[in-house]
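What follows is a set of notes on a single structure, which appears directly below.
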Amino acid sequence: MDDALAKKLRILADAAKYDASCASSGAPKRVAGKDGIGSTTGAGICHAYTPDGRCVSLLKILLTNWCLFDCAYCVNRRSSNVRRAKFTVEEVVNLTINFYKRNYIEGLFLSSGIIKSPDHTMELLTRVAKSLRRDHGFAGYIHLKSIPEASPWLIEEAGLYADRLSINVELPTEASLGRLAPEKDGAAIQNAMAQIGERIVEAKAERRRFSPAGHSTQVIVGADDTTDAALIAKSENLYGSVGLKRVYYSAFSPIPDGSQILPLKAPPLAREHRLYQADWLLRYYEFSAEEVASASEGGMLALDIDPKLAWALKNRERFPVDVNKADREMLLRVPGLGARAVDRIVKARKHTTLRLDDVARLTSSLKRARPFLIAADHRPVALTDRADLRARLVEPAQQLSLF
Amino acid sequence: MAGATSRATSARTILLRPGADLTGFRDAARRLAAENVPPEAVTFSAESAPSLFGDDAPPGSDAPLVLPRAVTSLIPSVVPHRDPERYGLLYALIWRVLHGERHLMEVASDPLVHRLTRMAKAIGRDLHKMHAFLRFRRVEDPAGERYVAWFEPDHHILEAAAPFFVRRFAGMRWTILTPEGRAVWDGDTLAYGPPGSRADVPEGDGFEAGWQTYYETTFNPARVNPKAMRAEMPKKYWRNMPETAAIPALLRGAADRTAQMIEREPTLPARREPARAVAAMADQDPKSLDELNAIIRKTEPLVPGATQAVLGEGPLDATIAFVGEQPGDQEDLKGRPFVGPAGQLLARAMAEAGIDREASYLTNAVKHFKFTLRGKRRIHEKPTAGEVSHYRWWLDRELEFVAPKLVVALGATAVLALTGKAIPITRSRGPFRFDRLDNRFQGYITVHPSYLLRLPDEAKEEAYAAFITDLKRIATLGAELAT
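Keeping their order, the protein sequence lines are chains D and L.
Quick note, this note's numbering runs 240 ahead of the 1-based positions in the first sequence.
Quick note, this note's numbering runs 18 ahead of the 1-based positions in the second sequence.
The following block contains the structure:
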């Protein structure tokens, strides 16, 4: 790999890293043909972890960080003085194949600044995916960031080659978009996401290939004054209306050459973590956004306890719950019991009566679950009603940041 | 290789091949179960070579054990575990399942099930980490390029891990070396061989420095969290992963880099505000039907096979636009809409009904011919709802440019494209308002002329007459709307 290419890689990987998504999961299991290369496993693989604790699964780069947009939170906004670079389509293809052959990556996550026009940019992105699939028989994972301002027929084409398409909402309200991302258009974003969602459903029904690993989005946390409750409500809405697979929450992070209208500060990592937990409650624990919000204070999730515990503490009259009798839905509401633990409990209690020791073997967080559970040999009479229960369950401050 | 059983007076010792001896264990378990030997009377030993003092029973002669799938799928995922007790625990599980606890695997809280499940999980994790953290280096030999890797798994998993690499890197030649053995893929067959050493993997791969560059750059210094990194990528793996050499420096510099970003004053943009470029960017939509058609022409068909895109045809100020389904065989070859048998029938009917074909706009909902080959004949295949949606953006813009007073949907596909709904023609035939598209149109629904061609002769005449009646009403409506 020559120096010029390495230099570009440095600039264009740096410019891409603020996108939180790295998933390589959800693609149908697939193996390359005779002269091709690559496979997808369904679950995805994290090939390395960087010291920020995040996984490296895909080669996550921009085609170019030249951009005509001027989004205040973005390292690549046109008014920023960062160094700029542009890959050719062939360079990206070549990098992807060579990294893949050495087992560094699961595939490619390609995004781009907007150059010339959204259509021109979208065409370039699709050309990379198409060349990987057609010229190299590449069967690895491809995630394309779609440009919502691009013409709809280009999104139709991108979905034929990508495993996942995504469009970032970034800012959840029109007001914030207007202030911080003047070139972005909330309606265009919504329409493009609806188009992708609709096409994914149709293609599944017709057994055709269109973004088979679904579509996702990202919202920035902490760049505007949107509350957690509003963010979770927005996510619930997106999961329902356009069939999103994932919403990623990205704590607004300091960037080189920050903008004047958006002063930089340490990223709100604890808040981001709680939002992911709340999001999990929506997707796997049958909570509504309203229930999550009801356990918040002024629309903000507690930082010292997880949102499920917060909900349980506010709804103590519904506890304790008997592990040997309660239905699945109520077990899912017990703090410290994950969805998998609940499934195991439901199965095991058909054959045996569960004692506290048994539950301890099924979950790794019995301490949190204990005050809310009844088992054959356990009844938390006083515990559930203790005034200091919250204080007893607070996690020791997590080392999320070394500032 | 099979296990050998040595009969002692009180206890039995089963000797198995070192590593993951699934066959040996299976044979032994069958025999022991057949002889009704309880687990506490058996010792499994796998740490030395098989003894010659086996019992006389030929290996694998016993009937298979009938076990629940949860058990049979657990066994191979525990056997590679390093724990010397693994075979004994598995046999204890089999024993209990065969002696009244058929559903034992469902009781995840049972200490034995719990322990075995955790062992299987450890194997799963070891496999996953090997698939994730193994790094190939490229070497050249007389036969071309070859990829070599050195990896040190925790358990005896080489044979369980290899198929993944075969699937993923089938087109490459590669060798994976471990302290317990090697797997060699020549592009065709997988072979196992003697152990290797790290020194067998040559230094220097042209992309390794680039990979480290990427690893360094994708790290965000404002989010330092080494604990999370180490939880997922324990240190024991680092020595075989070239990128991890960068970790100490990244951690040392992170706080300063972040502080600098936060403290540094924002700079003024050095570049001139590119006002014209920004304006041009927002103005990318095709400006004319010709521009739109150029886009359609250069786009590949959604379903491969068509010769070319078939564009709409007719004057831009047409009062009436006819929308058909998709081009047929003739249209595909000539690149013009409605020139095949159905098109000719339509032309005849339009003439009879007094509609000037030259003054009308004719197009299709789908722009490419889709067919199945039967011998040498290309048999038309109806577009799916998803395909119609895929093409509808173009129809939308096209009608926007033509701006007809009346849009005629010929057949169900056109109706689907114009309304987004599957509406039966028989029920909705006649005037209709199309409002799915950005522009709303006064519309009219009738059959597609190809439908008339497919009818049996005795029904043709009546259907044709009805079609003419529709066209006459369309002519009248068109004339009214034009004034």
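Backbone N, C-alpha and C fix where the C-beta goes; we use that ideal spot for every residue, glycine too.
What do you reckon, is the C-beta of residue i under 7 Å from a heavy atom of the ligand NAD?
i	result
Ala453/D	The ligand NAD is not among the ligands present in this structure, which contains no ligands whatsoever.
Taking the alpha carbon of residue i as the point to measure from, which residue in the options has its own alpha carbon closest?
i	options	result
Ala336/L	Pro213/L, Leu33/L and Val426/L	Val426/L
Lys548/D	Leu633/D, Thr336/D and Leu372/D	Leu633/D
Ala267/D	Thr603/D, Phe492/D, Gly454/D and Glu530/D	Gly454/D
Met433/D	Glu446/D, Lys485/D, Thr413/D and Leu471/D	Lys485/D
His287/D	His174/L, Arg153/L, Glu124/L and Asn54/L	Arg153/L
Phe327/D	Leu252/D, Ala415/D and Pro496/D	Leu252/D
Ala518/D	Ala443/D, Pro392/D, Ala506/D and Ser536/D	Ser536/D
Ala550/D	Asn564/D, Ala533/D and Arg323/D	Ala533/D
Gly278/D	Thr361/D, Asp617/D and His376/D	His376/D
Ala167/L	Phe187/L, Pro401/L and Pro160/L	Phe187/L
Gly429/L	Ala81/L, Lys439/L and His149/L	Lys439/L
Lys257/D	Asp243/D, Ile301/D, Lys248/D and Pro291/D	Ile301/D
Ala267/L	Pro284/L, Glu281/L and Thr235/L	Thr235/L
Val465/L	Gly342/L, Gly42/L, Tyr233/L and Tyr109/L	Gly342/L
Glu405/L	Glu438/D, Ala463/D and Ala529/D	Glu438/D
Val433/L	Ala421/L, Lys423/L, Val321/L and Leu413/L	Leu413/L
Glu291/L	Lys248/D, Ile382/D, Gly418/D and Cys307/D	Cys307/D
Ala469/D	Arg511/D, Leu478/D, Leu509/D and Glu530/D	Glu530/D
Ala297/L	Arg367/D, Glu442/D, Ser264/D and Ile354/D	Ile354/D
Val384/L	Thr431/L, Ala81/L and Ala150/L	Thr431/L
Val96/L	Leu310/L, Ala178/L and Tyr482/L	Ala178/L
Can you tell me whether DSSP reads residue i as helix, strand or coil?
i	result
Ser446/L	helix
Val465/L	coil
Gln302/L	coil
Asp562/D	strand
Ala75/L	Note that Ala75/L scores a pLDDT of 46, beneath 50, so its modelled location is shaky and nothing firm can be said.
Leu380/L	strand
Val125/L	coil
Tyr340/D	helix
Thr23/L	At Thr23/L the pLDDT is 48, less than 50, meaning the model places this residue with poor confidence and gives no usable figure here.
His386/L	coil
Ile614/D	strand
Glu535/L	In the structure as shown, chain L starts at 19 and stops at 501, and residue 535/L therefore has no counterpart that could be examined.
Leu329/L	coil
Gln362/L	helix
Can you give me the Cβ contacts of residue i inside the same chain, cut-off strictly under 7 Å, excluding the 5 residues immediately before and after it?
i	result
Pro319/L	His386
Gly222/L	none
Lys269/D	Thr280, Thr281 and Gly282
Thr135/L	Ala126
Gly330/L	Pro355, Tyr379, Leu380, Thr381 and Glu416
Pro56/L	Trp113
Leu596/D	Ala615, Asp617 and His618
Using a Cβ-Cβ cut-off of 6 Å (strictly less than) and excluding sequence neighbours within five positions of residue i, which residues of its own chain qualify?
i	result
Pro449/L	Tyr462
Leu581/D	Before going further, note that residue 581/D is Ala rather than Leu in the sequence given. Result list for Ala581/D: Leu602 and Thr603, in chain order.
Glu226/L	Pro260
Cys295/D	Cys262, Cys286 and Tyr289
Gly332/L	Ser378, Tyr379 and Leu380
Gly483/D	Gly437
Would residue i be called buried (16 or more neighbouring beta carbons within 10 Å of its own) or exposed?
i	result
Thr501/L	exposed
Val332/D	buried
Asn238/L	buried
Val89/L	buried
Pro36/L	exposed
Ser297/D	buried
Gln7/L	The structure shown has nothing for residue 7/L, since chain L only spans 19 to 501.
Asp242/D	exposed
Pro160/L	exposed
Spatial neighbours of residue i within its chain, please: CB distance less than 8 Å, with the 5 preceding and 5 following residues excluded, ordered by chain position.
i	result
Leu83/L	Ala47, Arg48, Ala51, Ile112 and Leu116
Ala609/D	Val574, Pro575, Gly576, Leu577, Val599 and Thr603
Gln458/D	Asp259, Ala260, Ser261, Ser406, Asn408, Val409, Glu410, Val487, Tyr488, Tyr489 and Ser490
Ile373/L	Ile338, Leu489, Ile492, Ala493 and Gly496
Report yes or no: is there a C-beta of chain C within less than 8 Å of the C-beta of residue i?
i	result
Val242/L	Considering every chain present, this structure includes no chain C. Its protein chains are D and L.
Fully enclosed by the stretch 405-475 of chain D, which alpha helix (DSSP H) runs are 4 residues long or longer?
-> 414-420 and 426-445, all fully within the stretch 405-475 of chain D.
Pick out the complete alpha helix (DSSP H) segments inside the stretch 206-249 of chain L, 4 residues or longer, and give them in chain order.
-> You should have 226-236.
Ignoring anything shorter than 3 residues or poking outside the stretch 370-411 of chain D, list the beta strand (DSSP E) runs there in chain order.
-> For secondary structure counted as the beta strand (DSSP E) over 3 or more consecutive residues, the stretch 370-411 of chain D holds these complete runs in sequence order: 381-385 and 404-406.
Taking the runs of the alpha helix (DSSP H) that are 4 residues or longer, which of them lie wholly in the stretch 520-606 of chain D?
-> Entirely contained in the stretch 520-606 of chain D, the alpha helix (DSSP H) runs reaching 4 residues are, in chain order, 529-534, 547-554, 568-571, 579-588 and 596-602.
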